[in-house]
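Q:
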Amino acid sequence: MTDENLIQIQQVSKNFGDLALFENVTFTINVGEKIALIGRNGCGKSTLMKIILGEEPADSGNITRRRDLKISFLDQDPKFNDGESILDGALRHVSGEITSVIKEYENAINSGADADVISELSHKMDALNAWNLETTVISTLSRLGLRDINQKISTLSGGARKRVALASAIISDHDLLVLDEPTNHLDLGMVEWLEEMLVKEKKALLLVTHDRYFLDNVCNKILEIADTQIYTYQGNYSYYLEEKEHREEVEQRTIAHLRNTYRRELEWIRRQPQARGGKSRSRIDRFDVIEKRLKSVRSEADLTLASKSNHIGSKIIELCYISKKYDEKVLLKEFYYNFAKGEKVGIVGQNGSGKTTLLKMILNEVRPDSGEINIGQTVRFGYYSQELPKFKETLKVVDYISEIADQVEVQLGVKLSATNLLSRFLFAPSRQHDYIYKLSGGEKRRLQLCRVLMENPNFLILDEPTNDLDIATLSVLEEYLMEFKGNVLIVSHDRYFMDRIVDHLFVFNPDHTVKDFPGNYTDYRIWKEMSDEKEKAEKEKTAKPAETAPKRERNTSMNKPKLSYKEQRLLEQTEIDIDNLSKEKKEIEERLGSGEQMSNDEIMKLSSRMQEVIEELDEKEMIWLELNEKIS
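Positions 56 to 687 (this note's numbering) are the ones given, in order, by the sequence shown.
Here is the structure:
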């Protein structure tokens, strides 16, 4: 291994029963690489991750890890100890005295301990240089919507627990960060924050995600598991798509040649039933190899769905000034909307804002506190929930689908049997007769989707439909929904998916109202950024310190009676950061304008860093303004 290598995988194979997941695969994970592992559900992505982490053995081959390698891992199903708080969970992989002091300090602040205790703990924090870690922990948890750091993890939802585990993985010291579906259970703002953070991160990353914008913006290397092999692409997701197309063109020519050879050899086999002799035996062996190779070929085009929905009348759904709250938490205030035929609407908002609750009110699973919901007589719902249904695990896959019907009409006059429909959802004939408990999480989600669509609904309600589905399935689902003649209502954190499907958005605002935005998610983000810039400019105009003090003075605790001790420290650090970033910005500007001879690569790096500095400076100045508003 070289100094650049963190992990080497050499000639590794793994089987799951009779199913070969991958055979003799070789690749490396190097310092600073940001790698995406992609492939169809059930192809072995999670298994390969476990082999890389040392949690599961390979059947054969060698895995070599750098001796001092530190790996931080986000599991899809994280486990915590009883009684742990959010802060405990976030710091569980940070060992030593620093962790203890941070916990003591946070407990003292939150319990209102006297000044002497806080002062003593502050001195300990200074001595251990713990402030940076403490700030990172609190900031990361806050960004992930976890603001009550003393809340017990046992009281959290599954999605919130996953966010605690994500915070822990990010915070812990590591050389390699391994994330399995990190965007699941995040709202769109959290996804964008995580994306920006990982782009700036200099350490190595191994990632499994279905989020194509995320893949494109974060990753610089793609590993694809396909037909028991791993194909490596040195570039982002867009580059992968281009190169994969070229690879598949070559493969199609090879397959066409194999099919011609197969037909000739099959004809020879039929003419030579006895086939004796060494020469004949070798020819039979070659025929067996060709036959096995052709049977293993599966095209992305195998998964196709025809769009058919039941007739829907002119009256769809009318939401008549509905309101909803739980205890004192208001989710929705007097929302009115009348759905028109064929609308495709996306719902966006922070976690806990009431998106899923709105879906359940439409489905009559939850009642509004006031207002009413009128549903047309011809509306037939198809609901794809965020949670997996309670499968009867001892039921066979084909029997689960046959419970609905033995046949389904996918187009006018065109019917498919349950087995044919399952084949279109990439369930091989042998897999269709497996028990449900043998399926992977992604395969169960695909089975759930198959059953929902088999019922031929005319109003689809999809709650986080992209979770745990592979990219191939998502692409076909998108094509289906674009051709779908009925109505679609979607909650999703997948920006690419939303951009392709929806006509407009229901945006859940902080004041519990809902804005009907005319456009897709990217349109909304552009509008939101422009609105935020305008609001920021107005704040800066009214903030006297920004006008009168271009060079900010350091503030002491004597003239900040309205700031907590923690806020004072944050303000002091922010002022230092603003000074340093301003100096760096000036230096880059001077260098770019100096006429100095530089390569294109150097110019690109400086320009990229300039953009980062400007964004960081904007963020720090907003923090400074908000803290100074408290003082004034």
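Every residue, glycine too, gets a C-beta built ideally from N, C-alpha and C.
What does the Cβ neighbour count give for Glu152, buried or exposed, with the cut at 16 atoms within 10 Å?
A: The residue given as residue 152 occupies position 97 in the sequence shown. Exposed is the call here.
Q: Where does Lys69 sit, in a helix, a strand or coil, going by DSSP?
A: Reading the sequence shown from its first residue, position 14 is the one you call residue 69. Residue state, collapsed to three classes: strand.
Q: In the DSSP assignment, find the unbroken alpha helix (DSSP H) run with Gly97 in it and report its ends.
A: Indexing the sequence shown from 1 puts residue 97 at position 42. Here Gly97 belongs to no alpha helix (DSSP H), and DSSP marks it neither H nor E.
Q: Give the DSSP-derived three-state secondary structure of Ala259 in the structure shown.
A: Taking the first residue of the sequence shown as 1, we reach residue 259 at position 204. Note: Ala259 maps to strand in three-state DSSP.
Q: Drop a sphere of 10 angstroms on the beta-carbon of Arg314, count the other beta-carbons inside from all chains shown, and report buried for 16 or more, exposed for fewer.
A: Position 259 of the sequence shown, counting from 1, holds the residue named residue 314. By the 10 Å Cβ count, Arg314 comes out exposed.
Q: Nearest to Met37 by alpha carbon, out of Met553, Asp549 and Val546?
A: There is no way to answer for residue 37, as the model of the chain reaches only from 56 to 687.
Q: Is the Cβ-Cβ distance between Ser127 and His229 less than 8 Å?
A: Reading the sequence shown from its first residue, position 72 is the one you call residue 127. Reading the sequence shown from its first residue, position 174 is the one you call residue 229. Yes.
Q: Between Asp525 and Asn96, is the Cβ-Cβ spacing less than 8 Å?
A: To locate residue 525, count along the sequence shown from 1; it is residue 470. To locate residue 96, count along the sequence shown from 1; it is residue 41. Cβ distance < 8 Å, so Asp525 and Asn96 count as in contact.
Q: Is the region 216–226 in contact with the region 109–120, if contact means three or more CB pairs nearer than 8 Å?
A: No, the region 216–226 does not touch the region 109–120.
Q: Thr449: buried (16+ other C-beta within 10 angstroms of its C-beta) or exposed?
A: In the sequence shown, counting from the first residue as 1, residue 449 sits at position 394. Per the 10 Å Cβ criterion, exposed.
Q: Should His548 be labelled buried (16 or more other beta-carbon atoms within 10 Å of its own) or exposed?
A: Sequence index remark: in the sequence shown, residue 548 carries index 493 (1-based). Per the 10 Å Cβ criterion, buried.
Q: Pull up the DSSP beta-bridge partners for Gly401, would you.
A: By 1-based counting over the sequence shown, the position of residue 401 is 346. Paired residues: Ile545 and Leu560.
Q: My output table needs one value for Glu427: the three-state DSSP class, helix, strand or coil.
A: Position 372 of the sequence shown holds residue 427. Reduced to three states, the DSSP call for Glu427 is strand.
Q: To the nearest angstrom, how far is it from the Cα of Glu189 to the Cα of Ile204?
A: The residue given as residue 189 occupies position 134 in the sequence shown. The residue given as residue 204 occupies position 149 in the sequence shown. Distance between the alpha carbons of Glu189 and Ile204 is about 12 Å.
Q: With a threshold of 16 other CB atoms inside 10 Å of the CB of Gly401, please say whether the residue is buried or exposed.
A: By one-based count along the sequence shown, residue 401 stands at place 346. Classification for Gly401: buried.
Q: Which residue's Cα is closest to the Cα of Lys158: Asp171, Asp169 and Leu176?
A: On the sequence shown, residue 158 is found 103 positions in, with the first residue counted as 1. Nearest option by C-alpha distance: Leu176.
Q: How is Asp235 classed by DSSP in three states: helix, strand or coil?
A: Indexing the sequence shown from 1 puts residue 235 at position 180. Three-state DSSP puts Asp235 in a strand.
Q: With DSSP run on the structure shown, which of helix, strand or coil describes Ile371?
A: Within the sequence shown, residue 371 is the residue found at index 316, counting from 1. Ile371 falls in the coil class under three-state DSSP.
Q: Just list the residues that DSSP pairs Ala279 with in beta bridges.
A: Here residue 279 is taken as the residue at index 224 of the sequence shown, counted from 1. One detail in the question is off: residue 279 reads as Glu in this sequence, not Ala. According to DSSP, which records beta bridges pairwise, Glu279 is partnered with Ile93 and Tyr286.
Q: I'd like to know if the region 470–477 and the region 438–446 are in contact, where contact means that at least 3 CB-CB pairs between them fall below 8 Å.
A: Short answer: they don't touch.
Q: May I ask you to report which of helix, strand or coil DSSP gives Lys396?
A: The count along the sequence shown starts at 1 and reaches residue 396 at position 341. DSSP places Lys396 in coil when its eight states are reduced to three.
Q: Are the beta-carbon atoms of Val546 and Asp523 separated by less than 8 Å?
A: One-based indexing of the sequence shown puts residue 546 at position 491. One-based indexing of the sequence shown puts residue 523 at position 468. The answer is no: Cβ separation not under 8 Å.
Q: Please name the residue in Leu278, Ile280, Ser155 and Glu398 whose C-alpha comes closest to that of Trp186.
A: For the purposes of this step, residue 186 is identified with residue 131 of the sequence shown, where counting begins at 1. The candidate whose alpha carbon is nearest that of Trp186 is Ser155.
Q: To the nearest angstrom, how far is the alpha carbon of Asp58 from that of Ile633?
A: Within the sequence shown, residue 58 is the residue found at index 3, counting from 1. Within the sequence shown, residue 633 is the residue found at index 578, counting from 1. Those two C-alpha atoms are separated by around 36 Å.
Q: Pull the bridge partners of Asp766 from the DSSP assignment, please.
A: Because the chain here runs from 56 to 687, residue 766 falls outside it and cannot be looked at.
Q: Of the residues Ile678, Phe394, Lys675 and Ile141, which one's Cα is nearest the Cα of Asp558?
A: Here residue 558 corresponds to residue number 503 of the sequence shown, with the count starting at 1. Out of Ile678, Phe394, Lys675 and Ile141, Phe394 has the C-alpha closest to the C-alpha of Asp558.
Q: Do Val668 and Ile631 have their C-beta atoms closer together than 8 Å?
A: For this step, residue 668 is matched to residue 613 along the sequence shown. For this step, residue 631 is matched to residue 576 along the sequence shown. Against a cut-off of 8 Å, the Cβ pair of Ile631 and Val668 comes out as no contact.
Q: Buried or exposed, going by whether 16 or more other CB atoms sit within 10 Å of the CB of Glu111?
A: Working through the sequence shown from its first residue, we reach residue 111 at position 56. By the neighbour-count rule (16 or more Cβ atoms within 10 Å), Glu111 is not buried but exposed.
Q: Would you identify the three-state DSSP class for Leu76, choosing helix, strand or coil?
A: Taking the first residue of the sequence shown as position 1, residue 76 is located at position 21. Leu76: strand per DSSP, three-state reduction.
Q: I need the straight-line Cα distance from Gly290 to Lys276, nearest angstrom please.
A: The residue you call residue 290 lines up with position 235 of the sequence shown. The residue you call residue 276 lines up with position 221 of the sequence shown. Approximately 5 Å between the Cα atoms of the pair.
Q: Kindly indicate which three-state DSSP category Val86 falls into: helix, strand or coil?
A: In the sequence shown, counting from the first residue as 1, residue 86 sits at position 31. Val86 falls in the coil class under three-state DSSP.
Q: Pull the bridge partners of Gln623 from the DSSP assignment, please.
A: Residue numbering aside, residue 623 sits at position 568 when the sequence shown is read from its first letter. Answer is none; Gln623 lacks a bridge partner.
Q: Using only alpha-carbon positions, find the residue among His148, Tyr535 and Val305 that is nearest to Pro512.
A: Along the sequence shown, read from residue 1 onward, the residue named residue 512 stands at position 457. Of His148, Tyr535 and Val305, the residue nearest in Cα terms is Tyr535.
Q: To the nearest angstrom, how far is the alpha carbon of Glu88 from that of Cys274?
A: To locate residue 88, count along the sequence shown from 1; it is residue 33. To locate residue 274, count along the sequence shown from 1; it is residue 219. So the alpha carbons of these two residues sit roughly 8 Å apart.
Q: For Leu296 and Arg267, I'd like the C-alpha separation in whole angstroms.
A: Position 241 of the sequence shown, counting from 1, holds the residue named residue 296. Position 212 of the sequence shown, counting from 1, holds the residue named residue 267. Going by the C-alpha atoms only, they are around 11 Å apart.
Q: Indicate the three-state DSSP secondary structure (helix, strand or coil) for Arg120 in the structure shown.
A: What you label residue 120 is simply residue 65 of the sequence shown in a count that begins at 1. Strand, per DSSP.
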